Amino acid sequence: MTHTSSSPIESAARAYGWSPITDYPPFYMPAEIREGMIQALARGETHYAPVPGVPALREALARYLATLGWRLKADGNTVITNGEQEARFLAIQALCRDGKILALPAQAHPGVAQAAGVGQVQTISMPGSQDGSPEPDIAAILTALERGADVLYLESPHRLTGKAFEADELAAIAAAIEAADARVIWDQSLASLVRPDRRYVSPGAIAALAARCLALAALWPTLGMEEYQLGYIAGDEALIQPIQTLRQIIGICTTTPAQWAAVAGAEHMANLLQERLTELTLTQEQGLAFLQQARVTPLDGDTVAYLAFRAPWPRGASLLAELTQVGFLVASGEPFGAPDVVRLTTTSRLLAL
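Heads up: the sequence shown is residues 877 to 1229, going by this note's numbering.
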């Protein structure tokens, strides 16, 4: 990835170079998942899937969402997409018709602004928290609603830091959205990667919020399926119906064999996820110790996927090189709107400390 910015961390890293943005900790794909695709091809599952997705995969998705507190049916409440970027595009385009105003975090995954940039979507910006964190807080959300936002786009856990909203924050967000009669698009791609010692609170667990929310994510992070480009959107049937209609118009090609691979992945996800969370937790804990030794204070986060910190830091680019050597993928926060932040994506490789 090439950057031309002269931000503090860019100048420090110019001699070192950045890793490409890696949204999820990289893992190999288990043979059972690839076998699921091979068997689907052998059965002739090469035709277009139903617009919402293969029924068996949507059933597996509904079961997974239930573990996060959602009460959704596979049929009518879920849509499988060609990756999380298509999910962003569909959700934004479906909810932001007829001049509706979309409030976007000033610091968010770069795919959000790209999806909102298609068409005539009117947007306003939500700044980070008053304490300096990249994530918008309730004050920023209330201000956006007062400015006329009809739809909010939120990430929890946040895609730069891994910070998730606490239960009291979620309750306040739910009350604000209900009072404003607004809607929310909720990126929960990192929900399955929340640290074992933290509790993730999903919007699906709050009835008033769930009724006004479209949740989206990549499908099955940590199973090594990123190359298959699968994502999902889930929510109340009244919100999902326009998604299905829009996808029927634009979704000419589908990923039927890949969806059957994801069905196989769902059967193995529980055991594999626990094993891989353990590996990532170990790596992250060693990384935290490394940062402490280097006198670097990480930003608050709740997942095993990332560590993030702000400039300046000791030793400049040499520190970034050391972090790569000990098992992190190092990327700039500039594409996220945070040019003074470094994001470390955890890997399962044990750190050579």
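Don't be surprised by glycine CBs; every beta carbon is placed ideally from N, CA and C. All of these numbers come straight from a predicted model, not from anything done at the bench.
Practice problem: Entirely within the stretch 900 to 979 and at least 4 residues each: give me those alpha helix (DSSP H) ranges in chain order. | Solution: 907 to 918, 931 to 943, 950 to 953, 959 to 971
Practice problem: Pair every Cβ in the stretch 947 to 959 with every Cβ in the stretch 1100 to 1107, then say whether three or more of these pairs are closer than 8 Å. | Solution: yes
Exercise. Can you tell me which of the three DSSP states Ala1184 falls into?
Key: strand
Exercise. Mind the definition here: the stretch 910 to 927 touches the stretch 1056 to 1074 only if three or more C-beta pairs lie below 8 Å; say whether that holds.
Key: no
Quiz item: In its own chain, which residues sit with a C-beta less than 7 Å from the C-beta of Arg1071, not counting the 5 before and 5 after it?
Solution: Thr1157, Asp1178, Thr1179, Val1180
Quiz item: Should Ala1016 and Glu1054 be called a contact, given that it needs their Cβ atoms to be closer than 7 Å?
Solution: no
Quiz item: For Arg1035, which beta-bridge partners are listed by DSSP?
Solution: For Arg1035, which the question treats as bridged, DSSP gives no partner whatsoever.
Exercise. Report yes or no: do the stretch 1042 to 1049 and the stretch 1212 to 1219 share at least 3 C-beta pairs separated by less than 8 Å?
Key: no
Quiz item: Helix, strand or coil: which one does DSSP assign to Ser1068?
Solution: helix
Quiz item: Name the DSSP bridge partner or partners of Gln1150?
Solution: Paired residues: none, contrary to the question.
Quiz item: If you draw a straight line from the alpha carbon of Tyr1182 to that of Ala1093, how long is it in whole angstroms?
Solution: 17 Å
Quiz item: Mapping DSSP to helix, strand and coil, what is Phe1212?
Solution: helix
Exercise. Would you tell me roughly how many angstroms separate the C-alpha atoms of Ala932 and Glu1031, rounded to the nearest one?
Key: 27 Å
Exercise. Would you mind sorting Ile909 into buried or exposed? The rule is 16 or more other CB atoms within 10 Å of its CB.
Key: buried
Practice problem: Could you have a look at Trp1136 and say whether DSSP puts it in helix, strand or coil? | Solution: helix
Self-check item: C-beta contact flag for Ala1087 and Asp1112 at 7 Å
Solution: yes
Quiz item: So, is Asp1063 buried or exposed, given that buried needs 16 or more other C-beta atoms within 10 angstroms?
Solution: buried
Quiz prompt | Test item: CB-CB of Pro981 and Thr1223 under 7 Å | solution = no
Quiz item: From this set, Trp1096, Ala1187, Pro1010, which residue's C-alpha is nearest Tyr904's C-alpha?
Solution: Trp1096
Exercise. Could you check the C-alpha separation between Leu1148 and Arg1075 for me, to the nearest Å?
Key: 20 Å
Quiz item: What number of angstroms, rounded off, separates the C-alpha of Ala967 from the C-alpha of Val1172?
Solution: 38 Å
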